[in-house]
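**Q** Handing you this structure, nothing more for now.
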Amino acid sequence: MKDSKINSFVSIKNQGQEVIKANNGFSDNQVALECIYCKKRYSSSKAINRCLDDGRTLDVVYDFPKIDPEEMKALWSLRRLSNKTEDRSGVWRFRDLMPFVKKPSKIISLNEGNTLFFRAKKAGDFVGLKNLYIKHQGMNPTGSFKDPGMSAAITQANNMNMKAVVCASTGNTSAAMAAYANRAEMLPVVIIPEGQIAYGKLSQALDYGALTIQIKGDFDLAMQIVIDIAPEIGIYVVNSINPFRIEGQKTIVPEILEQLDWNVPDRIVVPGGNLGHASSLAKGLRELKTFGFIKKLPRITIVQAAGSGPLYNMVTSEHPDFFEPVLHPKTLATAIKIGNPISHEKAIRGIKETDGWITKVTEQEIADAKAIVGQEGIGCEPASATSIAGLKKIMEQGTDRPVDPDETVVAILTGNILKDPDYTVLYHTDRLSDEYDLQTKIESKGKKIKSRFMNSPVLVGPDPQKIKKLILDRLQA
Ligand SMILES: Cc1ncc(COP(=O)(O)O)c(C=O)c1O
Ligand SMILES: [Zn+2]
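Numbering (the numbering used here), first residue to last: 3 to 479.
Written as structure tokens, this is what we have:
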């Protein structure tokens, strides 16, 4: 390369570094917690997650300085040139949207975010969409979409000098919390339903040093216990009821838009469990529209498992304003086995604002969709596959808000395939039934799930001729 060309690249790089330094995104902004219902405000330094008057959930609200969308987009891209964690992290790169941190040393990050985004041809053919994109949040450091939100919540815990944090979990929250709390030198306390956590996730909580308390009961009971005991012993709850979780998770919105060169998709599809994810998409979209980054809102589409779908039941019932929990939720997609989702009001608000929709899918539909995601060469855990299964269902059955085959749709995959390998192996060996026991691995109970896209292992003796034949036969198939 000629010297003059090199010199101009060096000068561009130096200018970039100057811009990054001059706009460091740390300030003394006003931050408060605001009740989503009565709008009462509380100091953000209070370790509360609900309105003290009416018990409703809270939003983090800011007195934002003026934001110029074009300048901001350039700055967010430029920050990737820096080697500082706060600039490279896919959460903190967007810290101008979540100005509750005063200085970089407070940030607890594992370089989360910046996850894989790709056009999904096979999954697109499966559901009947030309422009289907997959955003794989299972590529985060602990293997699930929980990491961006957890980075924010543990950073806030650090702001408040917390010594311990607690969560109830279906597995991924506990893995993420344990990892981030560990980095922040706080004690992670995990309360989980015994025998209902996939081993990939349980192993993480144990390895990362969490005090792991198993209860005989389901997630909803574990959540209730957390809410009851946390204030009594002064530890900070970091389930998605914590509004700072939503702040970290909302950065998936600018990240997706960046990955689509700021072309707004028509729809974003997410699995629904405790409903923090859908709530955070809504907050991110709302704020970016207010600041003028985007003009339209993609429809938020939530997918629940049929045996665990209280939000679906609510919106399709004769009394769509009346929320009723599902008492004994059932699904092999253990991550979303939740009957009493804590963020249902925020999720409904998001669906209404974006003219979105909600659907539910069967165990068979989840298993089929998961196998198709595997064929993309990526894979996901069962709960994540509900995004693809739900899209297929809406395409086939239609709703009063049908999906146009020409729509640009982003389906979010929430967890890594390695989180729950038992499910995948049972499926591909044609032994998956809708009630297998995670701990005893007894798969004979319950209704058999058909392994429609099975790729079973082949057992042969150590016979080179037979092995050669198997390979050649497969090549010709
Ligand atoms: C893999 C996976 N997908 C989806 C969900 C549901 O997300 P949310 O609880 O935010 O609705 C969870 C929650 O634990 C999860 O772990
Ligand atoms: Zn209130």
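A virtual CB, placed ideally from N, CA and C, is assigned to each residue, including glycine.
Verify whether the separation of the beta carbon atoms of K285 and E249 is less than 9 Å.
**A** Along the sequence shown, one-based indexing puts residue 285 at 283. Along the sequence shown, one-based indexing puts residue 249 at 247. A contact, by the Cβ cut-off of 9 Å.
**Q** Among residues of its own chain, excluding the 5 on either side of G202, which ones have a beta-carbon nearer than 7 Å to its beta-carbon?
**A** Taking the sequence shown and counting its residues from 1, one reaches residue 202 at position 200. If we look at G202 and ignore the five residues flanking it on each side, its Cβ neighbours are L420, K421, D422 and P423.
**Q** Near S84, which residues of its chain fall below 8 Å by C-beta distance, leaving aside the five closest residues on each side in sequence?
**A** Here residue 84 corresponds to residue number 82 of the sequence shown, with the count starting at 1. Cβ within range, chain order: Q19, I22 and R90.
**Q** Helix, strand or coil for S45 per DSSP?
**A** For this step, residue 45 is matched to residue 43 along the sequence shown. Note: S45 maps to strand in three-state DSSP.
**Q** Buried or exposed: which applies to V460, given that a residue is buried once 16 or more other Cβ atoms fall within 10 Å of its Cβ?
**A** Position 458 of the sequence shown holds residue 460. Exposed, since its Cβ has fewer than 16 Cβ neighbours within 10 Å.
**Q** Please list the terminal residues of the continuous alpha helix (DSSP H) segment that includes L287.
**A** Reading the sequence shown from its first residue, position 285 is the one you call residue 287. G278 to T292 is the span of the alpha helix (DSSP H), which, as asked, contains L287.
**Q** With DSSP collapsed to three states, give me the class of W264.
**A** For this step, residue 264 is matched to residue 262 along the sequence shown. Correct three-state label for W264: coil.
**Q** Please work out which residues of its chain come closer than 7 Å, Cβ to Cβ, to G294, disregarding the five sequence neighbours upstream and downstream, and give them in chain order.
**A** Within the sequence shown, the letter at position 292 stands for residue 294. Around G294: P71.
**Q** Mind checking whether the beta-carbon of F96 lies closer than 8 Å to any heavy atom of ligand 1?
**A** Here residue 96 refers to the residue found at position 94 when the sequence shown is read from its first residue. Not so, every heavy atom of ligand 1 lies at least 8 Å from the Cβ.
**Q** Report, in whole angstroms, the separation of the C-beta atoms of I38 and E347, which I expect to be a contact under 8 Å.
**A** Here residue 38 corresponds to residue number 36 of the sequence shown, with the count starting at 1. Here residue 347 corresponds to residue number 345 of the sequence shown, with the count starting at 1. Their Cβ separation, rounded to whole angstroms, is 6 Å, which keeps I38 and E347 in contact under 8 Å.
**Q** Quick check on the DSSP output: the alpha helix (DSSP H) that includes A24 runs from which residue to which?
**A** Along the sequence shown, one-based indexing puts residue 24 at 22. It spans D5 to A24 - the alpha helix (DSSP H) in which A24 sits, taken as one unbroken run.
**Q** Quick check on this structure: which residue in V266, L283, N160 and V240 has the alpha carbon closest to the alpha carbon of G274?
**A** Sequence index remark: in the sequence shown, residue 274 carries index 272 (1-based). For the residues V266, L283, N160 and V240, the minimum Cα distance to G274 belongs to L283.
**Q** Would you say G278 and Q251 are within 9 Å of each other, going by their C-beta atoms?
**A** One-based indexing of the sequence shown puts residue 278 at position 276. One-based indexing of the sequence shown puts residue 251 at position 249. Their beta carbons are under 9 Å apart, which means G278 touches Q251 by this criterion.
**Q** Report buried or exposed for R121, applying the criterion of at least 16 other Cβ atoms within 10 angstroms of its Cβ.
**A** Your numbering for residue 121 matches position 119 in the sequence shown. It counts as exposed.
**Q** In whole angstroms, give me the CA-to-CA distance for V240 and N51.
**A** To locate residue 240, count along the sequence shown from 1; it is residue 238. To locate residue 51, count along the sequence shown from 1; it is residue 49. Answer to the nearest angstrom: the Cα atoms are 9 Å apart.
**Q** Leaving out five residues on either side along the sequence, give the residues of the same chain with a beta carbon under 7 Å from the beta carbon of D65.
**A** Taking the first residue of the sequence shown as 1, we reach residue 65 at position 63. The answer, listed in chain order, is N31 and Q32.
**Q** According to DSSP, simplified to helix, strand and coil, what is K148?
**A** Here residue 148 refers to the residue found at position 146 of the sequence shown. Helix.
**Q** Counting C-beta neighbours from all protein chains within 10 Å, is the total for Q17 16 or more, i.e. buried, or is it exposed?
**A** Taking the first residue of the sequence shown as position 1, residue 17 is located at position 15. Counting Cβ neighbours within 10 Å, Q17 comes out exposed, since fewer than 16 surround it.
**Q** For the alpha helix (DSSP H) holding E249, just list the boundary residues, first then last.
**A** Residue 249 sits at position 247 when you count from the first residue of the sequence shown. Element bounds for E249: P245 to Q251.
**Q** So, under 8 Å CB-CB, D436 and E365 are touching, yes? Tell me the CB distance rounded to an integer number of Å.
**A** On the sequence shown, position 434 is the one that residue 436 refers to. On the sequence shown, position 363 is the one that residue 365 refers to. D436 to E365, Cβ: 5 Å. Contact.
**Q** Which of the three DSSP states is assigned to S176 in this structure?
**A** Translated into positions along the sequence shown, residue 176 becomes position 174. Helix.
**Q** Whole angstroms is fine: what's the gap from T426's alpha carbon to A391's?
**A** The sequence position of residue 426 within the sequence shown is 424, counting from 1. The sequence position of residue 391 within the sequence shown is 389, counting from 1. Answer to the nearest angstrom: the Cα atoms are 16 Å apart.
**Q** Output the residues surrounding ligand 2, defined as those with a CB atom closer than 6 Å to any ligand heavy atom, in chain order.
**A** C37, Y39, C40, K42, C53, D55, D56 and R58
**Q** Please list the segments of the beta strand (DSSP E) lying wholly inside the region 149-237, counting only runs of 3 or more residues, in order along the chain.
**A** Counting only runs of 3 or more, we get 166-170, 189-195 and 213-217.
**Q** Inspect the beta-carbon positions of E257 and T117 and report whether they are closer than 9 Å.
**A** Taking the first residue of the sequence shown as position 1, residue 257 is located at position 255. Taking the first residue of the sequence shown as position 1, residue 117 is located at position 115. Result yes, Cβ atoms of E257 and T117 sit closer than 9 Å.
**Q** Of all the options E73, E114, T157 and D98, which has the alpha carbon lying nearest to the alpha carbon of K108?
**A** For this step, residue 108 is matched to residue 106 along the sequence shown. Considering only alpha carbons, the answer is T157.
**Q** According to the Cβ coordinates, are L313 and L299 closer than 9 Å?
**A** Here residue 313 is taken as the residue at index 311 of the sequence shown, counted from 1. Here residue 299 is taken as the residue at index 297 of the sequence shown, counted from 1. No.
**Q** Which residues share a DSSP beta bridge with E36?
**A** Within the sequence shown, numbered from 1, the residue matching residue 36 stands at position 34. Looking at the DSSP assignment, E36 forms a beta bridge with R43 and D61.
**Q** Go ahead and pull the three-state DSSP assignment for F96.
**A** Here residue 96 corresponds to residue number 94 of the sequence shown, with the count starting at 1. If DSSP states are grouped into helix, strand and coil, F96 belongs with the helices.
**Q** Check whether the region 229-238 and the region 371-379 are in contact - that is, three or more C-beta pairs closer than 8 Å.
**A** no
**Q** Measure from the alpha carbon of R454 to the alpha carbon of each residue in L428, L134, K165 and D465, then state which is nearest.
**A** Reading the sequence shown from its first residue, position 452 is the one you call residue 454. If we check each option's Cα against that of R454, L428 comes out closest.
**Q** Is A154 near ligand 1, in the sense that its beta carbon is under 8 Å from a heavy atom of that ligand?
**A** Your numbering for residue 154 matches position 152 in the sequence shown. Checking every heavy atom of ligand 1 against the Cβ of A154, none is found closer than 8 Å.
**Q** Cutting at 7 Å between CB atoms, please list the residues of its own chain near S47, excluding the five before and the five after it.
**A** Within the sequence shown, the letter at position 45 stands for residue 47. The residues are M162.
**Q** Please list, in chain order, all residues of the same chain as F147 whose beta carbon is under 6 Å from its beta carbon, the five residues on each side excluded.
**A** Numbered from its first residue, the sequence shown carries residue 147 at position 145. Same-chain partners within the cutoff: Q139 and T416.
**Q** Would the C-beta of K362 count as close to ligand 1, meaning under 8 Å from any of its heavy atoms?
**A** Translated into the one-based positions of the sequence shown, residue 362 becomes position 360. K362 Cβ: outside cutoff for every heavy atom of ligand 1.
**Q** Only counting the same chain, and skipping five residues up and downstream in sequence, which positions put a Cβ closer than 7 Å to that of S389?
**A** The residue given as residue 389 occupies position 387 in the sequence shown. Result list for S389: V271, V272, P273, V305, A413, I414 and L415, in chain order.
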